[in-house]
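Numbering-wise (our numbering), the sequence shown opens with residue 7 and increments by one.
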Amino acid sequence: MTPNKPETNLEDPARLAAFEARIAAGESIEPKDWMPERYRKQLVRMMSQHAHSEVVGMLPEGNWITRAPTLRRKMSLLAKVQDEAGHGLYIYCGTETLGVGRHELIQQLLNGTAKYSSIFNYPTLSWADIGAIGWLVDGAAIVNQTMLAKASYGPYARAMVRICKEENFHKRQGYEIMTTLAAGTAAQKRMAQDALDRWWWPSLMMFGPHDTDSPNSDELLRWGVKRKSNDELRQRFVNLTVAQAKAIDLMIPDPALRYDEATQNWLIGPIDWDEFWRVVRGNGPCNRERLAARRQAHDDGEWVRVAAVAYAAKHARAESTSEAA
Ligand code: FAQ
Numbered sequence: 007m008t009p010n011k012p013e014t015n016l017e018d019p020a021r022l023a024a025f026e027a028r029i030a031a032g033e034s035i036e037p038k039d040w041m042p043e044r045y046r047k048q049l050v051r052m053m054s055q056h057a058h059s060e061v062v063g064m065l066p067e068g069n070w071i072t073r074a075p076t077l078r079r080k081m082s083l084l085a086k087v088q089d090e091a092g093h094g095l096y097i098y099c100g101t102e103t104l105g106v107g108r109h110e111l112i113q114q115l116l117n118g119t120a121k122y123s124s125i126f127n128y129p130t131l132s133w134a135d136i137g138a139i140g141w142l143v144d145g146a147a148i149v150n151q152t153m154l155a156k157a158s159y160g161p162y163a164r165a166m167v168r169i170c171k172e173e174n175f176h177k178r179q180g181y182e183i184m185t186t187l188a189a190g191t192a193a194q195k196r197m198a199q200d201a202l203d204r205w206w207w208p209s210l211m212m213f214g215p216h217d218t219d220s221p222n223s224d225e226l227l228r229w230g231v232k233r234k235s236n237d238e239l240r241q242r243f244v245n246l247t248v249a250q251a252k253a254i255d256l257m258i259p260d261p262a263l264r265y266d267e268a269t270q271n272w273l274i275g276p277i278d279w280d281e282f283w284r285v286v287r288g289n290g291p292c293n294r295e296r297l298a299a300r301r302q303a304h305d306d307g308e309w310v311r312v313a314a315v316a317y318a319a320k321h322a323r324a325e326s327t328s329e330a331a
């Protein structure tokens, strides 16, 4: 496949109009199609942040694999964490169709210049946090990514279809953990409530700043990458999740939460955007720990990369020798 090369992207108004007409007609944009350079850049930005999030997102839960309370829970958690690695790989492959290699992107993650989702900079303090992550974080990811499965860029949209199926399993395993704890002893219920208290607001922040403060949204909506705005998706998540919390008798930690008959929405109190930006800028509770863990994992994997390159070179040599004979 020939990736879409920036130098072939002359921003000719006629081509741009034709491109926008294709988007308006609901057509899928594929790697070899002409696209505005700005569209390509926006996709690389968003998809690389997404891929990094999946990879860094393994760390908070990976922390609990050896401490899962039963073999069944351990197997589910192992499978879930492994799925997240796969999601990262699908999306890095997606960025390769836009002409950007994963090695370059991974370097940006490791040198601290890339963004990844704010949510993964919070600690997992108890087993209930694993329930809360599956329920809330994967739940938020599903709301966001179900829309991205309709994104105008084909490779990204197709990756999202598969990812959403897996995220559904993740959400169920998380909600099941919360349901079990909430129906357990008083101490278990307190543990579940404490996890909800700590993960609720960071989960709402996953959807990004309010629409009025979201510099990328207009362009992404116009080009059909995003199908709904940050606030619309956040509202959908709140409406779904309030009912789920009630069903297992847990309290959403928001004294201002109220149902608005007119819009049929659950309205939330103010989000602490100072906290959000602190975390995004690298000063959340676990930012340094997460990057240190990724760097360590990368260094530990060096011998695998060296071995893979040597193996490929050996085979290339063997092939050229047999062709020459
Ligand atoms: N964290 O103009 P907008 C998962 C940045 S995957 C950090 O509104 P946009 C699965 C944003 O990048 C979770 N930064 O940006 C899982 C921009 O900065 P830039 C990840 C954030 O792109 C579960 C600036 O703020 N999902 O959870 C965040 O239009 C369990 C201004 O914002 C995706 O990445 C944030 N929360 O909308 C894995 C989905 N929010 O680049 C393991 C794809 C915003 O201009 C375990 N991405 N920023 O310097 C998206 O849908 C969008 O990119 C948004 C942000 C909605 C995240």
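Ideal placement from N, C-alpha and C gives every residue a C-beta, glycine not left out.
Predicted, not measured: the structure shown is a model, and the values here were computed from it.
query                                                                                               : result
Among 44, 127, 300, 238, nearest to residue 410 - alpha-carbon criterion                            : The question about residue 410 has no answer here: the residues shown for the chain are numbered 7 through 331.
Heavy atom of the ligand FAQ within 7 Å of residue 139 beta-carbon                                  : yes
Spatially closest choice to residue 207 from 134, 276, 78, 132, by CA coordinates                   : 276
Buried/exposed call for residue 10, threshold 16 Cβ in 10 Å                                         : Bear in mind that the predicted position of residue 10 carries a pLDDT of just 49, short of 50, making it unreliable; the figure below should be weighed with that in mind. Buried, since its Cβ has 16 or more Cβ neighbours within 10 Å.
Within 8 Å, strictly: CB atoms of residue 100 and residue 162                                       : yes
Proximity of residue 4 and residue 146 at Cβ, strictly below 8 Å                                    : An answer regarding residue 4 cannot be provided, because it is not within the stretch 7 to 331 covered by the chain.
Local Cβ density within 10 Å of residue 81, reported as buried at 16 or more and exposed below that : exposed
Identity of the residue in 36, 176, 118 nearest residue 86 by Cα                                    : 176
Reference residue 248; option with closest CA among 269, 273, 234                                   : 273
Cα-Cα separation, residue 12 to residue 123                                                         : Any answer about residue 12 is weak, because its pLDDT of 47 lies below 50 and its placement is not dependable; what the coordinates show is given next. Whole-angstrom Cα-Cα distance: 27 Å.
Limits of the unbroken beta strand (DSSP E) element including residue 273                           : 271-273
Length of the line joining the Cα atoms of residue 239 and residue 151                              : 10 Å
Unbroken beta strand (DSSP E) run spanning residue 128, endpoints                                   : No beta strand (DSSP E) contains residue 128, which DSSP labels as neither H nor E.
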